[in-house]
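In what follows, a single structure is set out as structure tokens and then discussed.
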């Protein structure tokens, strides 16, 4: 049996390494060093040179430098394409082995590959071979472009959301007064107007829309310089250029892939290999063994560092000059203990390193560069450099304490020894970083590779927690963005996409000249002799670059106390509404009636900071002197009336928001009125005969249920997993979602189907804007909707509406994003549907997992019964219950099909497939629970075989999709599902009887 890398056998202590990473993770939120780029590939946007972007196949031999550069670009672009969704688990890396007449490209991903990813790689491999072999094969190039568009649809949609919001603001800015001073500016304005028409217009299909928009955005980004955008006079001009770059980046990737196929040797026989999942995951085990060690305590770690464990030493090690937060022993011990997870993480770059060691080409060579969809973390970058000198596109400087090595199983002893030496070198580096002077807090660096993270809009993501449960508990849930689905972070918890600041100075890594350094704005490639105008520390080539980095660097270089005005300024530059309570009080947000008004007020302050160049010090001074309102009016009065935008006229009508003596009743403070308003908005969608009918009198029950759901959608919201008397989250398929971001996306489809562009138009109406009103598009009627839901044919409506043709209907997009939704919604709706046509109980398990603080003793009976069936026995201790919750949550996040989980439960083999589904061995507490659950499943299954078949019922719910585990769980079985009697809906610890379950006219509320 081949040996794995053993820390103790190599004279290493894994717990010591882990302790070091924990301490560095706690300091500056893991930002160990300033970001760096691979110097030889400073052109990190991946643009293909004109010489490479030619149409002739290998017309001229590439010089070694050009070939190496194109190889690096190809690897980076392919990694980006594979990582077609946001979130740390989707990060991808690529490597290349070059042979005399072929090329082998290896692809790894942090959390493995889905079938759709492997299909994309196989398709790309085939097309690249044909392009390399035949040269002028426009058909193959067209097919490759279509494949890229299809696979990147989710990313494109996110970029399009950002671009649309900026284009709307640009249209408001333009009005009728824009008079460009130069021909290039005029040409850019015309191009942006054409782009706006394409972005908001209708298209034959989603694919054709994406084709037009990506191509046009790429052309604009390449054709016009940053100076051209600045000359527009638009406050967000730099963001607009960045947004076109984001949307157009797919075209750059396409050109790079074509250039590589046409110009690099061996692509006619290219082989693209996805690394198997089973080698991609680390372990954390407490089983007896040489590699099992107890984690080090804080005291032991400090002793090893040679430091007494005192409050002063703790703060010296972890604190930063200029920060108010004080580190102490108690705080460190508490935070240190939190950095513990049942799972290690083997990053994609380390998976590639393991592959290169185990599969060293005999007749070829390994290209010494790994392509990455993001910059590498500090540990990956350092380990690769120490071990074999491999480079990646750069390092974002962050450290993650869950990072670990692959098993390296099968490596030769000399390779194991080399790995151990590299670990020792890495430990020395970590110790040095930890004990180095720690005087300045280091801003978090972005990990994305083309500009800042997602461009947010001033239009808010609604948050209204704390309303009375007796009204509508759905208001506790995160509310949808008023205009478009949420796009930032994909609901993931990893830090890769939650970038809070732009990058820091790169001087330490690249500068050898004390009189100059690279610009601190990481999106700028210039070297400069100019320093920050405030602290004279960091390099900034211009005031515009300094301002671009303002909302991160300001809090590092500021010498005085941070004022609420400075926090407001940072929030404005970050395009988000203030959350700090004192900021909200000082600047009027607390006196807005609702989030729309808060959005308008935020837009006003953005205009002051970005367009009128008002400083935070001025805003602070105005507020302290009691002249904030007067000075805002004075500032806006200096610009032409038609150029003041829409936020200032709104402010003139609502100056009371800055009156500190005024108390405002917010919409959500009057629940009865809020419900009345919600229902009033929804009534016009009813048939004339029903518009004056009380909600509780609407019949059949399906109409009543759908009407309440419509009222929630009209409030730019979606239902939470549990609501008093209602089950809307489950009824309308949100159980297929794995996080709140997914739920927002699904709700947006419902909004588009029923409401079209109404919510967007309502927003602009509330602002009083007349510059831009988006045209509407076809929607289904409410009667069509509730009847389709009742009949189980709702997906047919989604198939009918949307942009018609190709992949453009809502149904096809939903199938792509939510493969289980079509089956889920195929069950008839209605107050007795759960009893007649029960879905598998695994769906109620997902509802249990999605409910914050869910408990089997207080949950509704059908939810509680499902949770118990899957192991949540009331007698479980707290730790086991939390571990089991984490286990099931990760199972569904890893895209294990729900039907496969149900089959495994019925066959009694959950304990056998758990490790494979989880991606690593589960801990013994969870395994013991799964054994008990599996034993119960095997007993029920044996008894069921002796009873009459229930194939008819099985066929009614069986999914039309191919399950990921079909080969493992191919045997058909009958399903006991979640059938129940009316007693299932009886009260549970004070929970009142749900609406309509068992009768058609039970009441939801008393208002009409």
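Numbering (full-length UniProt numbering), first residue to last: 1 to 1008.
Even for Gly, the Cβ is constructed at its ideal location relative to N, Cα and C.
The C-alpha of residue 722 lies about 13 Å from the C-alpha of residue 861.
About 4 Å separates the beta carbons of residue 125 and residue 272, which is inside the 8 Å limit, making them a contact pair. Counting only runs of 4 or more residues that sit fully inside the stretch 103-147, the alpha helix (DSSP H) segments are 115-134, in chain order. Residue 633 and residue 577 have their C-alpha atoms spaced approximately 22 Å apart.
Taking the C-beta atoms as reference points, residue 332 is found nearer than 8 Å to residue 314. In the DSSP assignment, residue 874 is bridged to no other residue. Residue pairing by DSSP puts residue 528 in a beta bridge opposite 517.
DSSP, read as helix, strand or coil, puts residue 273 in strand.
Proximity to residue 354 across 876, 4, 863 peaks at 4, based on C-alpha coordinates. Going by DSSP, residue 913 is part of the alpha helix (DSSP H) stretching over 910-918.
Between residue 689 and residue 682, the alpha-carbon positions lie close to 14 Å from each other. An exposed status is given to residue 116, since fewer than 16 other beta-carbon atoms sit within 10 Å of its beta-carbon. In its chain, beyond the 5 residues on either side, 702, 706, 829 have a beta carbon closer than 7 Å to the beta carbon of residue 789. With a contact defined as Cβ atoms closer than 8 Å, residue 144 and residue 127 qualify at about 4 Å. Comparing C-alpha distances from residue 403 to each of 388, 81, 222, 15 shows the shortest one belongs to 15. DSSP, reduced to helix, strand and coil, places residue 787 within a helical segment of the structure shown.
Residue state for residue 369 is assigned as strand, using DSSP reduced to three classes. At a Cβ-Cβ threshold of 8 Å, residue 107 and residue 96 do not count as neighbours. Ranked by how close their Cα comes to the Cα of residue 884, the residues 924, 900, 908, 847 have 924 in first place. Residue pairing from DSSP places residue 95 in a beta bridge opposite 106. A Cβ-Cβ distance of about 34 Å is found for the pair residue 922 and residue 433, leaving them out of contact under the 8 Å criterion.
If you draw a straight line from the Cα of residue 317 to the Cα of residue 334, it is about 16 Å long.
Under the criterion of beta carbons closer than 8 Å, residue 94 and residue 83 do not qualify as touching, at roughly 10 Å. Contact annotation, residue 390 with residue 368: C-beta distance approximately 6 Å; criterion of less than 8 Å satisfied. Taking 8 Å as the cut-off, the Cβ atoms of residue 348 and residue 92 count as close. The alpha-carbon of residue 914 is positioned some 14 Å away from that of residue 906.
Assignment of residue 809 by DSSP, reduced to helix, strand and coil, places it in the strand class.
When only Cα atoms are considered, residue 110 and residue 123 end up about 22 Å apart.
Counting C-beta pairs closer than 8 Å gives three or more between the stretch 844-853 and the stretch 719-736, which meets the contact rule.
Between residue 798 and residue 754, the C-beta gap is not smaller than 8 Å, which leaves the two residues out of contact. Taking C-beta atoms as the reference points, residue 527 and residue 518 count as a pair closer than 8 Å. If you draw a straight line from the Cα of residue 240 to the Cα of residue 217, it is about 10 Å long. DSSP places residue 345 in the strand class (E or B) of the three-state scheme. When the five nearest sequence neighbours on each side are left out, the beta carbons in the same chain lying within less than 8 Å of the beta carbon of residue 137 are those of 130, 131, in order along the chain. Annotation for residue 705: the continuous alpha helix (DSSP H) segment containing it runs 701-714. In this structure, residue 565 keeps its C-beta atom at 8 Å or more from the C-beta atom of residue 639.
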